[in-house]
Amino acid sequence: MFADLDDSLDMTHYISLDHPMLSSANCEMLTHNPDEDLISRQLHNDKIWEIHETRLILDNLVEGDRFIDVGANIGYYTLLASIKTGNTGCVYAFEPDPLNFSLLEKNIKLNKRENVETFNVALTANEGDTRLYLCEDNKGDHRNYPSDDDRQSIQIKAATADRMLEHCAGINFIKIDTQGAETSVIKGFQKTLQANRSQLKMIIEFWPWGLRKNNSSCFELMGYLETLDLPMHIIDHVQGGIYSSSRNVIIDWMTETDNTPDNQGFINLFIGDVKT
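Heads up: the sequence shown runs through residues 11 to 286, numbered per this note's numbering.
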């Protein structure tokens with residue numbers, strides 16, 4: 011659902027994403043001021059964001075797929091998925107922050123994408139209002155729990171994925187990056203995940219420190235993911251690429267990380283059959 015936007019867009023922080031990896035999904039973006047936001051700065055400098063996750067999403071989406079972007083920010087993955095899935099596919103993008111959401115919708119308009127539905131809500135385990143705690147210099151690090159750095163907060167709408175997506179059948183790919191709220195997101199996603207597990211692929215952030223701050227744990231999140239009974243892979247940011255992993259390997263990493271309270275290490279998991 012597109013908001014009513016002015017005919018002319020503010021092009022002050024415009025960037026063309028012409029990185030070679032994006033040749034199959036070239037797009038343009040409007041960003042926050044790159045001097046004031048980490049993601050915007052990297053997009054302007056590198057013309058790409060999260061190179062390994064980007065490659066996996068591009069390689070594992072085809073024409074006609076349905077893609078869910080949870081924590082869509084200003085629309086980077088939303089745009090890539092919209093282009094890859096084409097006119098017969100669709101993208102559902104969820105972003106709770108009003109400033110990010112405004113740029114998300116402007117970027118959809120800028121790229122003339124017509125297969126995207128946007129929702130200015132946070133996906134959680136419950137319906138209603140909640141608080142979003144804002145990060146000034148990284149608008150991809152807003153959190154739905156109080157932080158140690160005295161952040162300002164705003165009231166936002168929250169909803170479950172099961173209600174928001176009850177009309178959407180045949181979901182192929184879900185990306186979840188919600189800064190420690192992943193367990194809450196997954197709790198509200200249970201019916202949808204089980205209904206689509208036969209063809210489902212998912213990239214999800216696994217951040218023990220953030221999960222603890224949000225009154226959950228990496229072990230609780232793992233318990234929900236295990237009910238899907240799908241292959242698990244670790245996205246390797248050090249060596250580059252992706253490798254299949256057993257539950258025990260991930261549990262060992264979680265235990266080691268959890269035993270060091272100040273350790274803010276994270277991994278991204280790819281759930282499902284992967285094409286590399």
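Built from N, CA and C at the ideal position, the CB exists for glycine as well.
Judging by CA-CA distance, which residue of the options is the nearest neighbour of residue i?
i	options	result
Cys145	Ala132, Phe129, Leu19 and Ile164	Ile164
Gly282	Pro241, Glu46, Cys37 and Met31	Pro241
Phe183	Gln209, Met264 and Glu266	Gln209
Glu215	Val259, Phe229, Asn278 and Asp160	Asn278
Asp239	Gly250, Ser256 and Asp246	Ser256
Ile260	Gly250, His23, Ile245 and Leu203	Ile245
His247	Phe111, Asn258 and Thr64	Thr64
Met21	His42, Ala35, Cys100 and Asp158	His42
Phe111	Lys122, Asp160, Leu40 and Cys100	Leu40
Lys122	Leu19, Gly138, Thr237 and Asn258	Leu19
Tyr87	Gln249, Ile213, His23 and Leu142	Ile213
Glu236	Leu203, His23 and Gly250	Leu203
Are residue i and residue j touching if we call contact CB-CB under 9 Å?
i	j	result
Tyr234	Ile196	yes
Arg95	Val80	It should be pointed out that residue 95 corresponds to Thr in this sequence rather than to Arg. Contact: no.
Leu113	Gly85	yes
Ala168	Pro106	yes
Ile78	Lys185	yes
Asp47	Asn148	yes
Asp268	Cys228	yes
Glu175	Tyr102	Residue 175 is actually Leu in this sequence, not Glu. Their beta carbons are under 9 Å apart, which means Leu175 touches Tyr102 by this criterion.
Phe280	Leu66	yes
Thr270	Ser226	no
Asn136	Gly190	no
Asn83	Pro108	no
Could you pull out every residue in the same chain whose Cβ sits closer than 6 Å to the Cβ of residue i, ignoring the five residues on either side in sequence?
i	result
Gln162	Leu144
Trp219	Gln274
His54	Ile25 and Pro44
Asn206	Ile181
Trp217	Gly190 and Phe276
Ile61	none
Looking only at DSSP bridge pairs, what is residue i linked to?
i	result
His243	Ser254 and Phe280
Lys185	Asp79 and Ile213
Gly138	Ala168
Ile25	Met39
Ala103	Asp79 and Thr128
Tyr234	Bridge partners of Tyr234: none, in fact.
Arg153	Tyr143
Who are the Cβ neighbours of residue i in its own chain at under 8 Å, not counting the five residues just before and after it?
i	result
Lys57	Ile25, Ser26, Leu27, Asp28, His29 and Leu32
Asp14	For Asp14, the predicted structure reports a pLDDT of 45, less than 50, and the residue's modelled location is therefore unreliable. The matter cannot be settled from this model.
Can you name, in chain order, every residue of its own chain whose Cβ lies under 7 Å from the Cβ of residue i, other than the five neighbours on each side?
i	result
Thr286	Asp69 and Ile252
Thr98	Glu73 and Gly74
Thr8	Past the edges of the chain, shown from 11 to 286, lies residue 8, and the structure says nothing about it.
Ser254	Pro241 and His243
Gln52	Trp59
Asp158	none
Quick one: does residue i have its CB under 9 Å from some CB of chain B?
i	result
Pro218	Looking at the structure shown, chain B is missing, and only one protein chain is on hand.
Taking 8 Å as the cut-off, is the C-beta of residue i nearer than that to any heavy atom in the ligand GDP?
i	result
Asn97	Of ligands this structure carries none, so the ligand GDP is not represented either.
- Would you call the stretch 88-95 and the stretch 123-135 in contact, with 3 or more CB pairs under 8 Å? yes
- Three CB pairs or more closer than 8 Å across the stretch 172-187 and the stretch 105-122: no
- Item | the stretch 255-265 / the stretch 219-238 touching (three or more Cβ pairs under 8 Å) | yes
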